[in-house]
Amino acid sequence: MRLFIAICLTDEMRAALRDIQAQMRAQRVSGNYTPPENMHLTLAFIGDYPDPDDVPLPAFEPFTLSLDGFGNFGSLWWAGIRPCEALRRYVQNLRHALDAQGIPFDRKRFSPHITLVRQAEGRPAVTVPQVEMAVDHVSLMRSDRGRHGMIYTEIRRSDD
Ligand code: 2AM
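Below, the structure written as structure tokens:
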């Protein structure tokens, strides 16, 4: 099972991200646009792992995320999150908990982003709407390749 841990986004946050995608489409940026139901903020990517019951999801004090910034890793374009100490600390705790449980994960430096378009052609310039959301749980997600793209399914929440 291909697993990752993520923050699922509110409808309001997804609407703001769709607005950015619309700006990109209006600038004729071609590519593989993330469907709104697939938008999320990944906190840890585990990858193939057989038993989701082993995966720790530490609890935390709720905090607020703000959308901020827009950029790219090569041809992948993303919306960013305003630097947030509570988020940074949570990801650090989560990584320690995964290590303590012996669960492997991608150890790249945490660079919070929400993927909007993959394999994009063009260099868009957009205005990022100001939107915030409260975060009171995180989700263990599984990723499956569907006939028409990736399918992400929530398996468990930190507040279950
Ligand atoms: P991405 O959007 O930048 O590709 C499911 O694949 C989620 O896990 C995506 O949000 C993806 O980020 C993220 N992810 C992080 N590290 C990954 C990796 N090494 N391989 C695949 N996905 C990864």
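In terms of numbering that gives the first Met the number 0, the sequence shown is residues 0 to 159. Beta carbons: idealized from backbone N, C-alpha and C, even for Gly. Note that this is a predicted model, so its numbers are computed, not measured.
Helix, strand or coil: how does DSSP classify Glu-120 here? For Glu-120, the secondary structure class from DSSP, reduced to helix, strand or coil, is strand.
Does the beta-carbon of Phe-62, which I'm using as the reference point, lie nearer than 7 angstroms to any heavy atom of the ligand 2AM? No - the ligand 2AM has no heavy atom lying nearer than 7 angstroms to the Cβ of Phe-62.
Spatially closest choice to Val-130 from Phe-3, Arg-146, Asp-18, Gly-70, by CA coordinates: Of the candidates Phe-3, Arg-146, Asp-18, Gly-70, the residue whose Cα lies closest to the Cα of Val-130 is Asp-18.
Whole angstroms is fine: what's the gap from Met-102's alpha carbon to Ala-58's? Reading off the sequence, residue 102 comes out as Ile, not Met. Their Cα atoms are separated by approximately 18 angstroms.
Do you know how far the Cα of Ser-29 is from the Cα of Phe-44? Looking at the two C-alpha atoms, the distance is approximately 27 angstroms.
What would DSSP say about Leu-97, mapped onto helix, strand or coil? In the structure shown, Leu-97 adopts helical secondary structure according to DSSP, grouped into three states.
With DSSP collapsed to three states, give me the class of Arg-16. Looking at the sequence provided, one finds Leu at residue 16 rather than Arg. Shown here, Leu-16 sits in a helix according to DSSP, grouped into three states.
Measuring only from the beta carbon, is Thr-152 closer than 7 angstroms to any heavy atom that is part of the ligand 2AM? Not a single heavy atom of the ligand 2AM lies less than 7 angstroms from the C-beta of Thr-152.
Mind pulling the beta strand (DSSP E) runs of 3 or more residues that sit fully within the segment 110–157? Counting only runs of 3 or more residues that sit fully inside the segment 110–157, the beta strand (DSSP E) segments are 112–120, 131–134, 138–145, 148–156, in chain order.
Straight-line CA distance for Asp-98 to Arg-144? The alpha-carbon atoms of Asp-98 and Arg-144 are separated by roughly 27 angstroms.
What separation, rounded to the nearest whole angstrom, lies between the Cα atoms of Arg-81 and Gln-100? When rounded, the distance between both Cα atoms is 30 angstroms.
Return the first residue and the last residue of the beta strand (DSSP E) that Ile-6 is part of. Secondary structure note for Ile-6: its beta strand (DSSP E) is the uninterrupted segment 1–7.
Residue range of the unbroken beta strand (DSSP E) whose run includes Asn-160: Residue coverage of the chain in this structure runs from 0 to 159, which leaves residue 160 outside it and unanswerable.
Given 7 angstroms as the limit, tell me if Thr-114 has its C-beta closer than that to any heavy atom belonging to the ligand 2AM. Distances taken from the Cβ of Thr-114 to the heavy atoms of the ligand 2AM include one shorter than 7 angstroms.
Enumerate in chain order the residues of its own chain whose CB-to-CB distance from Leu-40 is below 8 angstroms, with the five nearest sequence positions on each side excluded. So the list reads Ala-5, Ile-6, Leu-8, Leu-64, Ile-80, Pro-111, His-112, Ile-113, once near-sequence residues are dropped.
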